[in-house]
Every structure is written in C-alpha cells, then in structure tokens.
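Novice:
Residue numbers (the UniProt record's numbering), protein chains in the order written: chain A, 1 to 763; chain B, 1 to 763.
1) Where residue 388(B) and residue 175(B) are concerned, what is the direct C-alpha to C-alpha distance, given to the nearest angstrom?
2) Going by beta carbon distance, what residues of the same chain come within less than 6 Å of residue 445(A), once the five residues before and after it are set aside?
3) Using a beta-carbon distance below 7 Å, is residue 235(A) in contact with chain B?
4) Taking contact to mean 3 or more Cβ pairs, one atom from each stretch, closer than 8 Å, check whether the stretch 39 to 53 of chain A and the stretch 687 to 704 of chain A are in contact.
5) Shorter than 7 Å from the beta carbon of residue 189(B) to some beta carbon of chain A?
6) Which bits of chain B does residue 29(A) rub up against, with CB to CB less than 7 Å?
7) Would you mind telling me which residues of chain B sit closer than 7 Å to residue 83(A), beta carbon to beta carbon, in chain order?
8) State buried or exposed for residue 130(A), treating a residue as buried only when at least 16 other CB atoms are found within 10 Å of its CB.
9) Whole-angstrom Cβ separation of residue 660(B) and residue 723(B), contact assumed at under 8 Å?
10) Can you check whether the C-beta of residue 440(A) is within less than 7 Å of a C-beta belonging to chain B?
11) Which one of 193(B), 246(B) and 143(B) has the shortest CA to CA distance from residue 217(B)?
12) If I follow the unbroken alpha helix (DSSP H) through residue 327(B), where does it start and stop?
13) Do residue 302(A) and residue 179(A) count as a contact pair if the criterion is CB distance below 7 Å?
14) In or out: residue 2(A) buried (at least 16 other Cβ within 10 Å) or exposed?
15) For residue 385(A) and residue 670(A), what's the separation of their Cα atoms in angstroms?
16) With H, G and I counted as helix, E and B as strand and the rest as coil, what does DSSP make of residue 548(B)?
17) On the CB-based measure, 16 or more other CB atoms within 10 Å of its CB, does residue 412(B) come out buried or exposed?
18) Between which two residues does the alpha helix (DSSP H) carrying residue 374(A) extend?
19) Within 7 Å (strictly less), CB to CB, does residue 605(A) reach chain B?
20) Do you know whose CA, among 391(B), 308(B) and 500(B), lies nearest residue 451(B)'s CA?
21) Going along chain A, which residues have a C-beta under 7 Å from residue 21(B)?
22) Taking residue 502(B) as the reference, which of 125(B), 568(B) and 606(B) has the closest Cα?
23) Mind reading off the beta-carbon distance from residue 242(A) to residue 516(A)? Whole number of angstroms is fine, and I expect it under 8 Å.
24) At 4 residues or longer, what runs of the alpha helix (DSSP H) sit wholly inside the stretch 633 to 675 of chain A?
25) If contact is defined by three or more beta carbon pairs under 8 Å, each pair taking one atom from either stretch, is the stretch 356 to 365 of chain B in contact with the stretch 587 to 605 of chain B?
26) Check this for me: beta carbons of residue 306(B) and residue 254(B), under 7 Å apart or not?
27) Going straight from the alpha carbon of residue 331(A) to that of residue 12(A), what length do you get?
28) So, under 8 Å CB-CB, residue 288(A) and residue 399(A) are touching, yes? Tell me the CB distance rounded to an integer number of Å.
29) One question on the structure: do residue 506(A) and residue 571(A) come within less than 7 Å of each other, judged by their Cβ atoms?
30) Need the endpoints of the alpha helix (DSSP H) that residue 752(A) sits in, please.
31) Kindly say whether residue 463(A), judged by its beta-carbon, lies nearer than 7 Å to any beta-carbon of chain B.
32) DSSP on residue 95(B), reduced to helix/strand/coil?
33) Nearest to residue 26(A) by CA position, among 564(A), 202(A) and 310(A), is which residue?
34) For chain A, check one thing: does any of its Cβ atoms lie closer than 7 Å to the Cβ of residue 14(B)?
35) Enumerate, from N- to C-terminal direction, the unbroken alpha helix (DSSP H) stretches of 4 or more residues contained entirely within the stretch 272 to 302 of chain B.
36) Given residue 225(A), which residues of its chain have a CB within under 7 Å of its CB, disregarding the five upstream and five downstream residues?
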C-alpha cells in the first residue's frame, strides 16, 4: 500500500538545499534582459511614445512599443481551449496595448544587455496619453458616461449570467407561505492578490526552428498554445519548459508575459531574452482575486428551513477579461450547491470591466467570495430565526443525494455532516457557544463556522484530459512523466505514490520527471481547479495498468508461465495466487533491454479523458478574541475539517490545508489591494499590502473525514483549493458571535471594525 | 516521397548562427571547474601524492586522488551491454588509477572555483612514482621482461582470436597446386586520433535524488549505464543529457570522463562540476585508432585467382582494453569478406597491451587498417601475376551471393562491381593505367584503387535495438523523439525524412527532439557501427506505422468512415482509393486534443529489435602525382563510389563521403601520433599532428550505386564509416603505380617516401 502513507515529499531535500532549479537558475549566461514600460494612467490611449532618449542609453539593444506589435488580440486564461468559437476565451489584449485599461498596462518594452541598462532606458521613455476617467468600482463602470473600456462592447459588462432552481421565482416563493421571515443583505469581498513567492519570470530563445520559453507557470501546455495564438505562429513551433516554480495560486494559470517575452526574443534575432516581473508589477498588473458584491435576499421559515434565496452578484473584472467570464458564474454555484432552497433560488451575475488590476483565477475561483456571502448569510439567517448556526446548517445543507440540476455533478462520496460533527467536537462548539453568550467588556470571545462545497476539476463545464508516460529503467526503476505540474503542492510526490500503488513498484524506485517540456511531456492542461490528483491521477492509474501488464507479459516469457498467473508486488514478480517471489523486477528490466532474443524498452503512455466529477466539502471552525476598542481580532483556535475522499499523502494533505487556512486568514483579516480615485494601486508592495506572516498565524489544525470516493482514481477528490474557502466567513461569524456585530465586507481590518463597533454602540 | 530528397539539414541554420547549443553553452553560471592530474610516466605505480601545496591555492574546493576512489573497475567501451558475463566488456580501470599504464593516465583531480585556480593547483600537486620500462610497440610488450601491464593477466596479450575458412590449412592449400605464386609481406598502420572539433566536455550536478551529467557523447544511454557501474549506484539514479556535439568519430563512443565527473560532483555535495579536456589531453590520453601490423602470405594461381591467404595481425592496444578485444577480430573479417580464397584463409590476431594511448573505436573499427593491408596485397598480388589491379579484383572479389560463413551476414543488395565500373569510368582507369606506364623523371603520376566491404550495425555479434516516439501536436505537426543521436552526421534530418515517408506528414511539419535526455528519451544504443539509419530507421518505420494508424483511427471517428478507407498523405487525411482530400491533419489533431467527446493525445512509442544485417561496399579510385625527390604526393583526382542502398538524403550522403575521404587522406599522407622511447607522445597538438586542412584537400568526388536493400527500412544500408576505409590503400596503390615502389606502412610522409625511393634507387 502506497496510498495513505505520509511520505516526505520527493523534492524536499532539493528545495531545502537549493539543488532544485527554478526558472531564474536556468537562464543562460549571455541572456539579454527585457523590461516593460507600464502606463502611468489607468484608462486612456497612448498617443505617442518617444524612445529617442531611451535608445541612447548604453547597452540598449531594442525598444519596441505598442505601435510595433502584431495586430493580434489573444486570450490569456489557462483554460483547456475549445474548438468551438463560442466556448473560447475572450481575446481582448495585444502583446503591448495602445488602448490602456489598467494602471501599469504594458505599452512598451526595452531589451538591453543587462538589467541596469534596461531600467535606465525604461525611465527615459517618454509617453503621451489621452486620458479617460478611471473606473475603480463596479458602480463607477456601470454609471460611467465615458466610452466603454472595451470599445467593441456596448457597455462595461463583460458578461451576464443567471441561474435559477425550482419552479417558482423568488418573489413567488417568498409570497407562497404566510410566516416567512425575510433577510436582505449586501456582502462584499475585496481585491486580493496571490502573492506567490516567485514573481512571473521567463526567458525565451530560438533554436531548432522554434521558440523556446522557459517559464514559471502552472500550465505549460496552455502557455504553448497561447504563445502560438499571440504571435500568430503554429503551436508546434513553440516549446515551453516549466521548471520548479515558487507558487502560483492561479496567477500562473494565466498566460501573462510569456507571449511578450517570446515576441521580444523574435525581434532580437532569437537571442535569449529574460523577462522578470517585479513584486510591484506583480501586485499592480498581473491578476487578482475579483472583488464581488453580493446583494442577497432570503425567505426562511420560522423553523429555519430556507425557502428561497435571490442573489445579485457584481464582479469587478478590472481591465481585461482573463478568466472573469467564468468566475462569478462559478461563484453563484456556491449558493446552489451548499444549501437547499425549498422553493426557489435565483441568481443574476454581472462581470464588469473597470480599470483596476484584472481579476483572474485565484485559489477557489469565485467560491471564496461566494462562500463568504453564503456563510455570512447562513449565520445571519440563523440569528434571524434564533437558531444555532450549526443546527441551521444541519437543517439546510445539501445531503449525500444532492445532484447539481444543471451540471449533474454529485456527491459521489459525502462527508460534509461528519466534518461538521468532527470540527464541532474539536473546537468545543456547544460549550463555547454557550460559554460566550452575554459577554460584556472590551475584550470578548466568540466561535464561528462556515461550510463549503467544491467540485473536483472542471468537467462537464470544460474539458478534462490528462496523459501520463512510464518508462522502465534497466535497474527496474521507473521514469514517471506527467503533463500535470508540480507547483509546490506536492503533486510529484502523490503521483509517485499513485504510480507505486497501481504498478506494485515501490515508490522509492519511481523517479518523476518534475519539469514539463512541451516537446516531450505528455499533454495535460495543468495545475488548477483542484483537478490533478483526480483527473491526472486517473491517467496515472490507466497508464500504470498498461505498464504493469507489459512488464508481466515480458516476465511471463522469461518464466514460461502465463502472464495472468503473475503479479508485480514490492518490485518483485510474484506468483499471483501464492504471492511467492519469482523474479526481481530489475532482472526483468535488464533482460528486456539487453536480450538478444527479444529486446523491448518497456514503456506506456495513455490519455485519460475524465468525464466524471464529484463534490468535496468541509468546514472551518474558528474561535476568536476581539479587542473591541482596538478593532483587533486574535484567532485563538481554528480547525478545517475536509471531506476530500482518501488522502493520498496525509502529510501533504495537512500541509495543503495549512497553506489554504493561512491564505484564508489573510483574506479575512488584512489583505486588500487599495486604489485611489484614478485606479492607481496604493499598496503594490509587501510592506503595505498586509500578507500575514508566520508571526500573525495561529496554530493551524487540519482534520479529515476520509470517505472513499468511488469516482476518484484512488478514492480521492479535490483538496487543492478548498482549504482557503471557509476561513474568512468562519472568522466573520466568530466575530459576530463575540460582539453581535455582523461585518459584511472583507477584510476585517482594525479600522473597519472600529467603525462598525462604533456604529453598533460598542465603543 | 520524402526519401531521396536532398533536404538541407534541419540544424544547418542553428549551427551557422550559433543558436545550436553544445555542452559548453549549457553549463550553469556557478559551475565549479575540475581538472585532471595526469601521470608523467607511462608505466608504473603512484607511490604517493602530496596535495598540501595544491590545497593552498586560493579557490581550490577539493583535491581527490587515486587513493580516494571507490575500489571499482569498470568498462569504458560503448557497447550495448550483455547480461552474460562472458560477453561483457573488460573492466580494467578505476576512476583514477594508482597503477599507471599510459603517459597522461588519470591519477588525481582538482575541483576549484575557476579554471585558473584548478590549473594552478594541478601544477602544485607532487607525485612520487615507481616507474617501469615503457612498452611502445607490440614487440616491446611481447618481449618485455617487466611485469605485465595488467598484472592479473599472464602476459601483455589482451586477447587472441583466430578464424579460418575452407577445409585446408594455408600450408596445405599453398602446397596443393603446382604453379602457385607466393607472396609474403608485412603491412603496417600507424596510431591516429579522431581529432573531433570539440574535445570531451561534461558537467555534472545532483538533483532529484539523481546525478545528471550533460556531456558530449555519441551514446548517452550507454554513458548512463557506465556511470552507474563506475560509481556503484543504480543506473536509474543517473541521468545523461546529450546536446549537439562537435564530432565524435568513435572517441565519444567510449565513456571517457563522465564517470569521473559524476564522482567529483558527488564529492562536492552535488554542486555542478565541469570537466573539460584540452586538445593535448585528448590526443595524449583519450582513444586512438589501433596501429596494427599485418604479416600476410598468399598463394595465387598464375591467372590471378587467389587460392589461400594467411594473416597474422598484431594490434597495439595501448594501456587499457576499451574496445580493443573486438577490433582486430573485426579487422580480420575484412580479409574474409572482401576476397574469395579458393582453398583456405587463416587468420591469427593478437591484441597487445602497451603503454601508448589506448586504442578504441574509430570510424571503421579496425577495417581501415585491414583494408590497407588487404588492398595493398591485392595490388601486390596483381603485380606478381602481371595483372591489372581492377581485373584482379573483378576476378577475386566477393559476388552478390556471398554469405559470411560465421556470422551469416549477406549482401542483401550488391553493388560492388557496379561501383568499380562507375569509379573506373569516372577516373579514366584504363587510359591512365596505360598513359602512366613507363614514366621517368622526378615527377611521375599514377592511378590506384581499393575496394571495401562493411557490415551495417553489429548484429549478430551484439545487440541491435532502438526505440522511437512520436507525438502529435495540436497543429498537426509532430514531435519525433529518437534515442539515436545526431553527432554531426545529419541523423536528425534523415530521421525526419523517414518519419515523413512512413506517416505521410510533410518533413517540414516534423520537429525532432535533437538532444537525448535519458530520463525521457527512448532507448537506443547510439551512434556507431554505421547503424542508425538502418537499425534506428527501422524503429522510425515501426513507430510511424503505429502512429499513422492511430491518427487514421481518430480521423475515422470524425469522418464516420472505416480507418482502412483512409490514408494520410501530404499532411491531409485522404480517401485511400481516390486520394481525395477529406480533412487536414491539423483539424484531426486539434479535435483529438480538445474534443469533449473523445480526447486522445495521439502518440506512439515502439522498440525495434533488429536481427538483420547487410553488407555495404564500394571503392576509391585515386590519381596522384609524386614528386620523388621531395617525397611529396599530390592527389590530382579522387573518387569514392559507394554501394549503400537507397540514399535517404543524397546531399548528406555526399557530405558524409566527403568527410570520410578527408579523414582517409589524412590517414594516408600525414597523420600519426609519435612516441618517444618512454611512450611519451611527441606531438599531442594540432600543430605537430598533421591533420589535413582545407588547403591540403583536393576536390572530393562522391558517387553512388543505389541498389535498394530489401532489409533496409527504406532500402538503405551503412554509409557512416565506409567512406574513410578505402582511401589510404588507393593512394598507396597509386603511388606504387606512379613509382613502382610499394610503400607498406602508413602514413606516406615525405620522409618515409624519400627513404623508400632512395632504397629503390629512384633517388
């Protein structure tokens, strides 16, 4: 058994000692350096660019502007792609943009012999703009009298979507029973950024008739496709190499600067060009988590049963479409999939272009925002009917038989209520809810909770496909080559465990090819949507079965026994029925290579097209202490309990949950990108953008309810994004419990809390 | 049709512009530098090494000596490997040798932060030796009273081999007819070196639990195996990467310095260490072509029919076994396979350890030496019976029905006599033989010829196995991944043409993965034995068939037609019978990737175990002008005519012949590594070692007789090594024709010619 073992991650030693190679470690010695000239306005048009002074800077090789780029608009989001135009991503930017839509938009680039020359030249570029009023908020954009941010659209709405469940409208449902209680609220989430350790970095060179881009990405095969699209060259003429990466969290599920880097390389005759984005550039102008405003109404029976909800969600898209068209629609699903509306659910969503940083994919893809709204609302409804929030959830949350009426995704395994029980027991829910009732004084304590539900991968909304290749080495060890990517989450380690499980070859004998090189790596869309252990895991399982069969077929010839009578266990060919060892795998391998009778280099490569999905779920419980006059929230105890099916590696699962909880705490309590009225970011650096550090982080507890999922390749389901989802509403609900004050927007900063506590008369 | 097209090589532009990456281009910025301390005696033992002064040199990281290395002897030759101990290569060296057997033997190594520090430290190392008399020649070694060079052997003979054909002994055959004429001669060849442009260079680092060695080699998969053996670690823990290489010619078919580099890397904690060998080190102590002395006897009828030959060959092995045990045995085959001995052929061969540079693989693997002897003898026999040398060969050379009685290798296609006719016509043989008869004066002209025969790959002596992988890109282009290596010969280009031919996808849409990375490359033993277009070509053909079938299967689903009714031609799916275009391949590809119905990443990977072989053959004709008093030979006209089956790429075939002819002219006229009495090389540099330059090279003419070979994957057979074989004896025979003087040892330097002409009374 290799599944369920808390194996130390295979890259641990290399990452600690520095042997692990990242993009920046791999750039060649004579690499040119590119820097981007960013717009200093957020909305407008570049009228002219004067590069005459910049070109005089010693060491400058080439300066290119938005007037030089190909007239090709391309899409950046890391979606699988579709052959149907209607399902393709929005192509709304060029390599460099003359029409500026974000402060820091890319308008020109300098290529120089070193970073100093490039930086000096960037400063010497003179730009003349035609400036339009900037839209910071959704309301700004909807009410603007200025031309739309994307002129080809009639207004600033990128996309509208709606969903409804039940035969009635919300209004009909709300009027259908006499005693229904009504709640109407607005919940708002803020703009945050991923803050991965390693900012975007790549280098590009031409050789072998193609352009190679080495880049820090979650999605090398998609980067390949988008570079092809952006440059207007065949996709096969592009090669993308992904080494180890320093985090992504969705920001590297967008194809941000690779196309520009590739094009700059083309413009200097194919010489290697490096393009490294600074922290400031990353915060100002890569991707962010959408700020979403949820205007919600609910009708609930006095016993707490939810009858109907209505939701209007407006998502702040920023300047470009990116993933935006999909995210707020996904957010609405959170309402649909978490609670039963006995009569009606209505949702209307708008994704609205503004001039702040572009919203893209970020861990949870709209669900952390929606879960904040849905779970604040759950506590607010529980309060409305005078019910314990845990009981409210037991009454209303989806049960094991739930199937999404639109996508038909199901709980193929269900552990949500068990998670709630386990977490409630851990935190001491009943005792604390009782103990903290009726507190007075400036420092008060409370306990809160929030549940979530999350699908595993993107089927059936989009394509789920993954390939895997295995090669037998002469010593009986295995090369495991995945298209799926290690992005810090431990994917390499769990793929090795999976391969070991399904081949019978010990994990220690399986070498993973960690880097993806699109020239030789199997295809996989990459790391996002909590899909890899599920979708790519199926590819491992399918390939492993073929690989094992080929090994047993060869061994059968050596042993003159039928292959069906053999098995591979612990790296030995054994008698399938007695388990008696017959032949070490190494002997089969070396014979297969070097036999003069029959030489075969045993390998297997298979595609798994995944047409299944399943819901993962879970809960966060949180105990806080609130210093009311100081507006300070201290997390005393916190636990996430996850229903993610079988854990491939409990140690890595726990680490994944820890990371998500930390991200959730930052979302709850401090992180926010702030803009001035001209949509200029005021805190695009890690001094002013308040990312929690280890000093701010309490002990993080991660528990699991392991219900094997029959559709998971090894009983497993999503765990990548879920841990970040329920933390912020659990903290908010704990503050509500402690103080009686419902704070309905994130983050719960001291300034905001003091304002709200003052309004509530606590100060 | 993609076969037979003179396509420009796919790496031409990159190699001209510098975009092509070689090992030295790829070393990381912070690489440590290793240098080897070489012995200053050729035979003896290191008593002690004092590194105390060397360790004081600033920048020295680590100094390691022959007293530090693992007690493991390992084999260096690039043979496929055998699971049977009796067929394995000789393991007779350690990473660093305490027992010194060659001047320049590796006895210690310095690792430092840069090359200057490493070089200074090497000079500061003090070594105390116990010195034995050095053996320069085979006779020295056979007659030496000193202990054997390899103490575990009873004498200095590495291996003895013998072969005989016919029911009689030579003596019986020579006495069996009354009128036989007898010839007894000694022919000798000299020690030469490959002189590839790029000396051996590698760098090694540890990551991912394994050691990676990037190296300039012909045989990456074999390097992997030998490093595993030399370091005593599992072969799967070794990764070898082969970029473009600057020539090999067999010297990089030995695993020379990669194991030492890997071990040095281990000793500095896995930091990257670079080991670059200088030209001097390369000439003194890598590998050379064996000097072989052939003592031959023949009995021939007055009509020129050869009745019997006897051959004693002694090969100067140098200090270590390397490929030596196989080479002189192969040389003897040349006698067997070129001419019919009507009653008997006897050969006895010895490979003798001496203290000069180790003999290894070099283009032709013993055959250029043997062909010199056999073809000098042919002319000398023709002279003996008063016959035209061409007529002598027509009478005696093997015909199309020849089958080697031992290996059963056959002429599956035969063009030898046609080559002779074509070459004789080109050079004007009849006219010139007549015209140059009876010359006098100091400057005379002559015309000579030599034929050869060469097998294709190593079956059945050793294993022939190769794999290939093809991947379909979204744009309908293909990734072609070979285990076989591009070593400057144009392999990448011909593999692309082959893949195009057997898939129906245009060559321009096939991208080859030129570099081999043993972690992901299909297995192949590598570039040697003129095997790749034949053996690895079969892998392309087999894989291409599977790949094409998978594409047609997918297209069949799209078109709702049976796959058998479809074909792939010119990158289009067509109706197999009418040829009508039905669907572009790009559409099939993009659908296969992104179909929501059935996503498949179409690929194929197959092993071809080759159990066939076939003889290639050909001839060189050469017209020379000899300045007798000056001892100078000027080549006026020269042509090689090759029977190599179908030419995959006539342009590259011609280039291959040109290179071989140039190498043959150097062998004939100038190249020789010279040793003093202590076995110290006197000319290990390209000033004193007389490699011909473009200034020394006449116009080289390459002609072909294209008889399709039924066993070749595309009708092709060996062409890699053959061009170098017949040139030297053709030049010698032309000098014989011009002057009447038979020079029986190589090279034909002015000094030697003046001596011989003086002896002959011409001066």
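The beta-carbon is built from N, C-alpha and C at its ideal position, and this holds for glycine as well.
The model shown is predicted, which means the values in this text are computed figures rather than measured ones.
Specialist: In this structure, then:
1) Rounded to whole angstroms, the gap between the alpha carbons of residue 388(B) and residue 175(B) is 26 Å.
2) 436, 625 and 738
3) yes
4) Here the stretch 39 to 53 of chain A does not lie against the stretch 687 to 704 of chain A, with fewer than 3 beta-carbon pairs under 8 Å apart.
5) no
6) By Cβ distance, chain B contributes 29.
7) 590, 591 and 594
8) exposed
9) 2 Å
10) no
11) 246(B)
12) Looking at the DSSP string, the run of the alpha helix (DSSP H) that includes residue 327(B) is 324 to 338.
13) yes
14) buried
15) 31 Å
16) Assignment of residue 548(B) by DSSP, reduced to helix, strand and coil, places it in the helix class.
17) buried
18) 367 to 385
19) Yes, residue 605(A) lies at the interface with chain B (some Cβ there is under 7 Å from its Cβ).
20) 391(B)
21) 207
22) 568(B)
23) 5 Å
24) 650 to 669
25) no
26) It is not a contact, given that the beta carbons lie outside the stated cut-off.
27) 35 Å
28) Contact doesn't hold; Cβ gap of about 36 Å is too wide.
29) yes
30) 750 to 759
31) Judged by the 7 Å Cβ criterion, residue 463(A) is in contact with chain B.
32) Coil.
33) The candidate whose alpha carbon is nearest that of residue 26(A) is 202(A).
34) yes
35) Scanning the stretch 272 to 302 of chain B from its first residue to its last, the whole alpha helix (DSSP H) runs of 4-plus residues come out as 279 to 285.
36) 81 and 235
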